[in-house]
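17 is the number of the first residue of the sequence shown in our numbering; add one for each residue after it.
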Amino acid sequence: MRESVRVLLVVDGLHTRELLSSVSRTAPLTEAELWLVYVRGPGPRVGLDMVRHRPGGHPLPPDRERGLDEAEAARGVDALAEAQALARPIAAAVRTLQLEGELGRVVCDLAQVEGIDLIAIRAGGRDQPPMGPRSLGPAARYIADHSPCPVLLIR
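1) Go through its chain and collect everything with a Cβ distance to I106's Cβ below 6 Å, but skip five positions before and after it.
2) Under 8 Å, do E47 and V21 count as touching if we go by C-beta distance?
3) Any idea if A99 is buried or exposed, counting beta-carbon neighbours within 10 angstroms, 16 or more meaning buried?
4) What residue from V122, L152 and S151 has the CA that sits closest to P164's CA?
5) Tell me the rounded alpha-carbon separation between R82 and L126.
6) Suppose the cutoff is 6 Å on Cβ atoms and the five residues either side in sequence are ignored; what does the same chain contact list for L119 look like?
7) Please report the straight-line C-alpha distance between L152 and A139, rounded to a whole angstrom.
8) What is the DSSP secondary structure of I159, reduced to helix, strand or coil?
9) Compute the distance between the beta-carbons of V26 and V53, then report whether it is under 8 Å.
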(Lines of atoms letter the chains of each structure in order from A and count residues from 1; the text may use other names and numbers.)
(Lines give C-alpha, C1' and ligand atoms only; values in the text may rest on other atoms or scores of the structure.)
Protein backbone atom coordinates (compact mmCIF):
# COMPACT_ATOMS: atom_id res chain seq x y z
CA MET A 1 0.00 0.00 0.00
CA ARG A 2 1.27 3.44 -0.98
CA GLU A 3 1.82 5.82 1.93
CA SER A 4 2.50 9.19 0.29
CA VAL A 5 0.17 11.40 -1.69
CA ARG A 6 1.05 11.78 -5.36
CA VAL A 7 0.81 15.34 -6.69
CA LEU A 8 1.33 16.01 -10.39
CA LEU A 9 2.41 19.54 -11.29
CA VAL A 10 2.37 20.56 -14.94
CA VAL A 11 5.41 22.76 -15.63
CA ASP A 12 6.08 24.82 -18.72
CA GLY A 13 9.13 26.84 -17.72
CA LEU A 14 7.07 29.89 -16.72
CA HIS A 15 6.26 31.02 -13.18
CA THR A 16 7.63 27.80 -11.67
CA ARG A 17 8.46 29.34 -8.29
CA GLU A 18 4.93 30.79 -7.98
CA LEU A 19 3.34 27.48 -9.01
CA LEU A 20 5.30 25.52 -6.42
CA SER A 21 4.54 28.11 -3.76
CA SER A 22 0.80 27.92 -4.49
CA VAL A 23 0.79 24.13 -4.47
CA SER A 24 2.81 23.90 -1.25
CA ARG A 25 0.37 26.23 0.53
CA THR A 26 -2.51 23.95 -0.52
CA ALA A 27 -1.07 20.43 -0.36
CA PRO A 28 1.40 19.10 2.23
CA LEU A 29 4.36 18.51 -0.11
CA THR A 30 6.70 17.62 2.75
CA GLU A 31 4.96 14.25 2.79
CA ALA A 32 4.15 14.03 -0.94
CA GLU A 33 5.61 12.43 -4.01
CA LEU A 34 5.73 15.37 -6.43
CA TRP A 35 5.59 14.54 -10.14
CA LEU A 36 6.86 17.38 -12.32
CA VAL A 37 5.60 16.89 -15.87
CA TYR A 38 6.52 18.80 -19.01
CA VAL A 39 4.54 17.94 -22.13
CA ARG A 40 5.83 18.76 -25.59
CA GLY A 41 2.77 19.32 -27.69
CA PRO A 42 1.83 20.56 -31.13
CA GLY A 43 1.42 24.17 -29.95
CA PRO A 44 4.76 25.65 -31.05
CA ARG A 45 4.41 24.04 -34.47
CA VAL A 46 0.93 25.34 -35.29
CA GLY A 47 2.21 28.63 -36.66
CA LEU A 48 4.85 26.87 -38.72
CA ASP A 49 2.29 24.48 -40.17
CA MET A 50 0.15 27.41 -41.27
CA VAL A 51 3.13 28.97 -43.01
CA ARG A 52 4.19 25.69 -44.61
CA HIS A 53 0.72 24.95 -45.99
CA ARG A 54 0.23 28.26 -47.73
CA PRO A 55 0.07 28.15 -51.53
CA GLY A 56 3.56 27.41 -52.80
CA GLY A 57 4.78 26.58 -49.28
CA HIS A 58 7.49 23.98 -48.80
CA PRO A 59 8.08 21.65 -45.88
CA LEU A 60 10.95 22.45 -43.56
CA PRO A 61 14.25 20.83 -44.49
CA PRO A 62 15.03 17.73 -42.37
CA ASP A 63 17.91 19.44 -40.54
CA ARG A 64 15.66 22.38 -39.61
CA GLU A 65 12.94 19.97 -38.42
CA ARG A 66 15.53 18.11 -36.32
CA GLY A 67 16.77 21.41 -34.90
CA LEU A 68 13.26 22.37 -33.82
CA ASP A 69 12.78 18.98 -32.13
CA GLU A 70 16.06 19.37 -30.27
CA ALA A 71 15.21 22.91 -29.17
CA GLU A 72 11.79 21.80 -27.86
CA ALA A 73 13.36 18.89 -25.96
CA ALA A 74 16.04 21.20 -24.50
CA ARG A 75 13.37 23.63 -23.30
CA GLY A 76 11.66 20.75 -21.50
CA VAL A 77 14.92 19.63 -19.89
CA ASP A 78 15.60 23.20 -18.69
CA ALA A 79 12.06 23.67 -17.35
CA LEU A 80 12.18 20.36 -15.47
CA ALA A 81 15.66 21.02 -14.07
CA GLU A 82 14.55 24.40 -12.71
CA ALA A 83 11.37 22.93 -11.21
CA GLN A 84 13.25 20.01 -9.70
CA ALA A 85 15.82 22.31 -8.06
CA LEU A 86 13.01 24.38 -6.55
CA ALA A 87 10.93 21.36 -5.48
CA ARG A 88 13.59 19.19 -3.81
CA PRO A 89 13.75 21.25 -0.59
CA ILE A 90 9.96 21.28 -0.14
CA ALA A 91 8.81 17.80 -1.28
CA ALA A 92 9.41 14.36 0.18
CA ALA A 93 10.21 12.93 -3.26
CA VAL A 94 10.45 14.47 -6.72
CA ARG A 95 10.04 12.73 -10.05
CA THR A 96 10.37 14.42 -13.45
CA LEU A 97 8.87 13.35 -16.76
CA GLN A 98 9.02 14.87 -20.22
CA LEU A 99 6.23 13.52 -22.41
CA GLU A 100 4.90 14.27 -25.86
CA GLY A 101 1.33 14.73 -27.06
CA GLU A 102 -1.75 16.79 -26.36
CA LEU A 103 -1.19 18.16 -22.85
CA GLY A 104 -4.65 17.55 -21.39
CA ARG A 105 -4.92 13.98 -22.65
CA VAL A 106 -1.36 13.08 -21.68
CA VAL A 107 -1.78 14.41 -18.14
CA CYS A 108 -5.15 12.70 -17.58
CA ASP A 109 -3.85 9.39 -18.95
CA LEU A 110 -0.75 9.58 -16.74
CA ALA A 111 -2.85 10.41 -13.68
CA GLN A 112 -5.09 7.42 -14.35
CA VAL A 113 -2.24 4.95 -14.94
CA GLU A 114 -0.03 6.12 -12.05
CA GLY A 115 -2.72 6.70 -9.44
CA ILE A 116 -2.08 10.43 -9.06
CA ASP A 117 -4.03 11.96 -6.16
CA LEU A 118 -3.99 15.63 -7.24
CA ILE A 119 -3.17 17.47 -10.48
CA ALA A 120 -2.02 21.10 -10.22
CA ILE A 121 -1.98 23.29 -13.34
CA ARG A 122 -2.04 26.97 -14.19
CA ALA A 123 -5.62 27.96 -14.95
CA GLY A 124 -4.84 29.91 -18.08
CA GLY A 125 -2.26 31.76 -20.05
CA ARG A 126 -1.76 35.39 -20.93
CA ASP A 127 -4.73 35.39 -23.30
CA GLN A 128 -7.30 34.28 -20.71
CA PRO A 129 -9.01 36.68 -18.31
CA PRO A 130 -8.17 36.07 -14.63
CA MET A 131 -11.72 34.97 -13.77
CA GLY A 132 -14.92 33.93 -15.49
CA PRO A 133 -16.01 31.23 -17.94
CA ARG A 134 -13.13 31.91 -20.34
CA SER A 135 -10.43 32.01 -17.65
CA LEU A 136 -9.28 28.44 -18.35
CA GLY A 137 -6.96 27.63 -21.21
CA PRO A 138 -7.75 24.59 -23.39
CA ALA A 139 -5.44 22.22 -21.51
CA ALA A 140 -6.67 23.29 -18.07
CA ARG A 141 -10.28 22.99 -19.26
CA TYR A 142 -9.67 19.48 -20.60
CA ILE A 143 -7.94 18.38 -17.40
CA ALA A 144 -10.66 19.91 -15.20
CA ASP A 145 -13.33 18.08 -17.24
CA HIS A 146 -11.59 14.69 -17.66
CA SER A 147 -9.23 14.20 -14.71
CA PRO A 148 -9.60 10.98 -12.72
CA CYS A 149 -8.60 12.89 -9.55
CA PRO A 150 -9.05 16.36 -8.00
CA VAL A 151 -7.55 19.30 -9.90
CA LEU A 152 -6.00 22.40 -8.37
CA LEU A 153 -6.30 25.33 -10.77
CA ILE A 154 -3.66 27.94 -10.00
CA ARG A 155 -4.36 31.54 -11.00
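Beta carbons: idealized from backbone N, C-alpha and C, even for Gly.
For this structure:
1) Taking the sequence shown and counting its residues from 1, one reaches residue 106 at position 90. S40 and L45, listed in sequence order.
2) Your numbering for residue 47 matches position 31 in the sequence shown. Your numbering for residue 21 matches position 5 in the sequence shown. Yes, they are a contact pair.
3) The count along the sequence shown starts at 1 and reaches residue 99 at position 83. A99 should be labelled buried.
4) The count along the sequence shown starts at 1 and reaches residue 164 at position 148. Nearest of V122, L152 and S151 to P164, Cα basis: V122.
5) The count along the sequence shown starts at 1 and reaches residue 82 at position 66. The count along the sequence shown starts at 1 and reaches residue 126 at position 110. The straight-line gap from Cα to Cα measures roughly 27 Å.
6) Counting from 1 along the sequence shown, the entry for residue 119 is found at position 103. Within the same chain, L119 has close Cβ partners V55, G57 and A155.
7) Position 136 of the sequence shown holds residue 152. Position 123 of the sequence shown holds residue 139. When rounded, the distance between both Cα atoms is 5 Å.
8) Here residue 159 corresponds to residue number 143 of the sequence shown, with the count starting at 1. Of the three classes helix, strand and coil, the one that applies to I159 here is helix, per DSSP.
9) As a working mapping, residue 26 is identified with position 10 in the sequence shown. As a working mapping, residue 53 is identified with position 37 in the sequence shown. Contact flag set, yes.
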